[in-house]
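Asker: No gaps in the numbering here: position 155 of the first sequence is 156 in the numbering used here, and each next residue is one more.
If you scroll down you'll find the structure; I have some questions about it.
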Amino acid sequence: MSSKITAPRGTQDILPPQSARWQALESQIHGLARRFGYGEVRTPMFESTELFVRGVGEATDIVEKEMYTFTDKGDRSITLRPEWTAPVMRAALEHNLFAQGPQRLYYIGPIFRYERPQKGRYRQAHQFGVECVGFAGPEADLEVIALAWELVRTNAIDDAVLNINSIGDDVCRPHYREALLAHFRPHLASLSAESQRRLERNPLRLLDSKDPHDRPYVESAPTFESVLCDACREHFDALKAYLIAIGIPFVVNPRIVRGLDYYTRTVFEIISGALGSQSTVCGGGRYDGLVASLGGPDVPAVGFGLGIERFLMMLDAAGSQAEPARSGIQAVGLGVQARTVLVPIVAELRRRLGQPVYMDFDDRKLLAHLKSADRNGARYALILGTDELAKGELILRDLEARSDRRLALGSGRDVAAAVVEAGMR
RNA sequence: GUGAUUGUAGCUCAGUUGGUUAGAGCGCCUGACUGUGACUCAGGAGGUCGCCGGUUCGAGACCGGUCAGUCACCCCA
């Protein structure tokens, strides 16, 4: 018994009318990036596995267990892009972009991670993100946060909250690590099994544990702010001042710890209650060491990634997408002769109208054609039957006002002009 | 990878302690209305009950496996 072929686990088909929402968001994003002076980068959907091992971090979950990795026929180890930052940096280095000074780059497209699907988490997901490379100062941090926040703000999503934190740099992070170890070690036996295992390897990660056993110790843990070095503190304070100055609300959340190895200093997340357990719609921060670790010059960088699926879920939760207005015209030809006359007119309308032009080609009654026009969301119907053919005219019906008017039947060009004149602006 | 839960028409769901030909609403098609779409009424099409196996005289119902959805853990967008 051959079973039906379905989309692979954790993937989804995007069909009309849902795809129209994607297009709308995508064009909003392209416009936004443009206004901030960012240029789009498109990279291959797959890369050498090595790129992600080095760029994302060997000990991260992404590299350890979530990559779609395979060997190609040339015996190369290939991985489907699980995140965008490493490929974008690889491309920029490969084409020597950083020799030309600071770069503002953005991307939008799919990523692939082998995970158990759940709300807001898929095996193929889509991300929009930016990378601002070459500026070490807090102005760049502000710029990328402002860009992300602008997308939230213009879509009137009001349950989104910007969380920021600083996780220090090479100077102060070792001190913080020590402070955390000193804090947790005495309580080792009371911690969750998972946290006990993690403590020595990556104590920072204990901070975002949700386990009730850990909660009391996490809450009393020292915050990074208490050990930040002067340079990091200044950077963080300046960022906060900038955010206040341009009116972006935020909370300092000392428990924001990002999962990828390459972050330094600023980390931030935009969090929404609409997303269930996967509450982060946008995550990012500064990663001053990444470019150098990929073999490039020692340039600082800051950026974020934003989940398109999750963003659309937030839009759903924010509610009320207004019914789209009717637009376009449906040509209705009753019988072969009428169709023959109408086809060139439709072609002309499609050239000049700039709105949808529909036509059904089957022999159905007028009723069925009008129903079809209604379903298509057309504003007008252009009707040609045997009566009209005999009289040399057409009926232009306004499906919203439910009123008819008659037009002279002429060449496609004449009719198109008449239709435009008759009310299609 | 771990756990919970659900798979019956295009969609949302009924289906009594296992018992003949599996139902409803919405949608779709046709007609009432021989040429005017949102209402009304009447018909109609559409299902190997996710898949495989087992128990039974008999399974959509029970059992096992498997696949998929959903949610949570882990982790992240």
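Note that beta-carbon positions come from the ideal geometry of N, C-alpha and C, so glycine has one too.
1. In terms of residues, what are the limits of the alpha helix (DSSP H) holding residue 236?
2. Using alpha carbons as the reference points, say which of 92, 6, 128 lies closest to residue 83.
3. How far does the alpha helix (DSSP H) with residue 361 in it reach, from first residue to last?
4. In angstroms, rounded to a whole number, what distance separates the CA positions of residue 417 and residue 341?
5. Under 8 Å by Cβ, that's how I've got residue 106 and residue 40 pegged, so tell me the actual separation to the nearest angstrom.
6. Report the residue ranges of all alpha helix (DSSP H) runs contained in full by the segment 83-121; include only those spanning at least 4 residues, in chain order.
7. Give every residue of the same chain whose Cβ lies closer than 7 Å to the Cβ of residue 199, excluding the five residues on either side of it in the sequence, and list them in chain order.
8. Here's the rule: buried if 16 or more other CB atoms are within 10 angstroms of the residue's CB, otherwise exposed. What is residue 331?
9. Just mark residue 412 as buried or exposed, buried being the case when its beta carbon has 16 or more other beta carbons within 10 Å.
10. Smallest Cα separation from residue 153: which of 374, 180, 302, 29?
11. Using a threshold of 8 Å, state whether the C-beta atoms of residue 134 and residue 100 are closer than that.
12. Kindly indicate which three-state DSSP category residue 271 falls into: helix, strand or coil?
13. Counting along the chain, where does the alpha helix (DSSP H) carrying residue 336 start and finish?
14. Distance, Cα to Cα, residue 333 vs residue 18?
15. By the 10 Å Cβ neighbour count, where 16 or more other Cβ atoms means buried, how is residue 314 classified, buried or exposed?
16. My understanding is that residue 351 touches residue 358, with C-beta atoms under 8 Å, so please give their C-beta distance in whole angstroms.
17. DSSP three-state call for residue 312: helix, strand or coil?
18. Does residue 1 pass the burial test, meaning 16 or more other C-beta atoms within 10 Å, or should it be called exposed?
19. Can you tell me the Cα-Cα spacing of residue 302 and residue 347, whole angstroms?
20. How long is the line joining the alpha carbons of residue 181 and residue 223, rounded to whole angstroms?
21. Report buried or exposed for residue 104, applying the criterion of at least 16 other Cβ atoms within 10 angstroms of its Cβ.
22. On the three-state DSSP scale, how would you describe residue 167?
23. Let me make sure I understand the geometry here. Which of 403, 339, 113, 158 has the alpha-carbon closest to that of residue 388?
24. Does the separation of the CB atoms of residue 400 and residue 375 fall below 8 Å?
25. Could you tell me which residues DSSP pairs with residue 133 in its beta bridges?
26. Just curious, the alpha helix (DSSP H) that residue 56 is in, first and last residue?
27. Quick check on the burial criterion: 16 or more other C-beta atoms within 10 angstroms. Buried or exposed for residue 132?
28. Can you tell me whether residue 236 is buried or exposed? The criterion is at least 16 other CB atoms within 10 Å of its CB, across all chains shown.
29. Determine the extent of the beta strand (DSSP E) in which residue 282 is found, giving its start and end residues.
30. Indicate the three-state DSSP secondary structure (helix, strand or coil) for residue 162 in the structure shown.
31. Would DSSP call residue 176 helix, strand or coil?
32. Go ahead and pull the three-state DSSP assignment for residue 426.
33. Going by CA-CA distance only, name the one from 191, 251, 292, 312 that's closest to residue 218.
34. The alpha helix (DSSP H) with residue 220 in it runs from where to where?
35. Going by Cα to Cα distance, which pick from 151, 285, 170 is closest to residue 35?
36. Does the beta-carbon of residue 59 have 16 or more other beta-carbons within 10 angstroms, so that it is buried, or is it exposed?
Answerer: Checking against the coordinates, here is how it stands:
1. Within the first sequence, the letter at position 235 stands for residue 236. Counting along the chain, the alpha helix (DSSP H) containing residue 236 begins and ends at 231-246.
2. The residue you call residue 83 lines up with position 82 of the first sequence. Cα-wise, what sits closest to residue 83 is 128.
3. Residue 361 sits at position 360 when you count from the first residue of the first sequence. Neither: residue 361 is in no alpha helix (DSSP H) and is coded neither H nor E.
4. Locating residue 417 in the first sequence gives position 416, counting from the first residue. Locating residue 341 in the first sequence gives position 340, counting from the first residue. Each residue's alpha carbon lies about 16 Å from the other.
5. The residue labelled residue 106 in the question sits at position 105 within the first sequence. The residue labelled residue 40 in the question sits at position 39 within the first sequence. Right, the Cβ-Cβ distance comes to about 6 Å (below 8 Å), so this counts as a contact.
6. 86-95
7. Here residue 199 refers to the residue found at position 198 of the first sequence. Counting only Cβ-Cβ distances below 7 Å, and skipping sequence neighbours, we find 206, 207.
8. As a first step, residue 331 is located in the first sequence; it is residue number 330 there, counting from the start. So residue 331 counts as buried.
9. Here residue 412 corresponds to residue number 411 of the first sequence, with the count starting at 1. Under this definition residue 412 is an exposed residue.
10. If you number the first sequence from 1, residue 153 lands on position 152. Among 374, 180, 302, 29, the Cα nearest to that of residue 153 belongs to 29.
11. Stepping through the first sequence from its first residue, residue 134 is reached at position 133. Stepping through the first sequence from its first residue, residue 100 is reached at position 99. No, the Cβ-Cβ distance between residue 134 and residue 100 is not below 8 Å.
12. Stepping through the first sequence from its first residue, residue 271 is reached at position 270. Correct three-state label for residue 271: strand.
13. As a first step, residue 336 is located in the first sequence; it is residue number 335 there, counting from the start. Element bounds for residue 336: n/a, residue is neither H nor E.
14. Here residue 333 refers to the residue found at position 332 when the first sequence is read from its first residue. Here residue 18 refers to the residue found at position 17 when the first sequence is read from its first residue. Taking the straight line from one Cα to the other gives about 23 Å.
15. Sequence index remark: in the first sequence, residue 314 carries index 313 (1-based). With 16 or more other Cβ atoms within 10 Å, it is buried.
16. Position 350 of the first sequence, counted from the start, is the residue given in the question as residue 351. Position 357 of the first sequence, counted from the start, is the residue given in the question as residue 358. Sure, about 5 Å apart at Cβ, within 8 Å.
17. What you label residue 312 is simply residue 311 of the first sequence in a count that begins at 1. Helix at residue 312.
18. Look at the range of the chain in this structure, 2 to 426, and you will see that residue 1 is not part of it.
19. Residue numbering aside, residue 302 sits at position 301 when the first sequence is read from its first letter. Residue numbering aside, residue 347 sits at position 346 when the first sequence is read from its first letter. Roughly 53 Å between the two C-alpha positions.
20. On the first sequence, residue 181 is found 180 positions in, with the first residue counted as 1. On the first sequence, residue 223 is found 222 positions in, with the first residue counted as 1. Straight-line Cα distance between these residues: approximately 7 Å.
21. If you number the first sequence from 1, residue 104 lands on position 103. It is buried - the Cβ of residue 104 has at least 16 other Cβ atoms within 10 Å.
22. Reading the first sequence from its first residue, position 166 is the one you call residue 167. Here residue 167 sits in strand by DSSP.
23. The residue labelled residue 388 in the question sits at position 387 within the first sequence. Residue 339 is the option with its Cα nearest to residue 388.
24. Numbered from 1 along the first sequence, position 399 holds the residue referred to as residue 400. Numbered from 1 along the first sequence, position 374 holds the residue referred to as residue 375. Yes, they are a contact pair.
25. Locating residue 133 in the first sequence gives position 132, where the first residue counts as 1. Residue 133 is bridged to 105, 303.
26. The residue you call residue 56 lines up with position 55 of the first sequence. Note, residue 56: alpha helix (DSSP H), 50-57.
27. Here residue 132 refers to the residue found at position 131 of the first sequence. With 16 or more other Cβ atoms within 10 Å, it is buried.
28. Position 235 of the first sequence holds residue 236. Buried: at least 16 other Cβ atoms inside 10 Å.
29. Position 281 of the first sequence, counted from the start, is the residue given in the question as residue 282. From DSSP, the beta strand (DSSP E) with residue 282 extends over 281-287.
30. In the first sequence, the residue the question calls residue 162 occupies position 161. Here residue 162 sits in strand by DSSP.
31. Here the question's residue 176 lines up with position 175 in the first sequence. Residue 176 falls in the helix class under three-state DSSP.
32. Counted from its first residue, the first sequence places residue 426 at position 425. Confidence in residue 426 is poor, its pLDDT being 48 and thus under 50, which makes the residue's placement unreliable; the coordinate value appears in the next sentence. In this structure, residue 426 counts as coil in the three-state DSSP scheme.
33. Indexing the first sequence from 1 puts residue 218 at position 217. Among 191, 251, 292, 312, the Cα nearest to that of residue 218 belongs to 191.
34. In the first sequence, the residue the question calls residue 220 occupies position 219. Taken as a continuous stretch (DSSP letters only), the alpha helix (DSSP H) holding residue 220 covers 216-220.
35. As a first step, residue 35 is located in the first sequence; it is residue number 34 there, counting from the start. Considering only alpha carbons, the answer is 151.
36. Walking along the first sequence from the start, residue 59 turns up at place 58. Counting Cβ neighbours within 10 Å, residue 59 comes out exposed, since fewer than 16 surround it.
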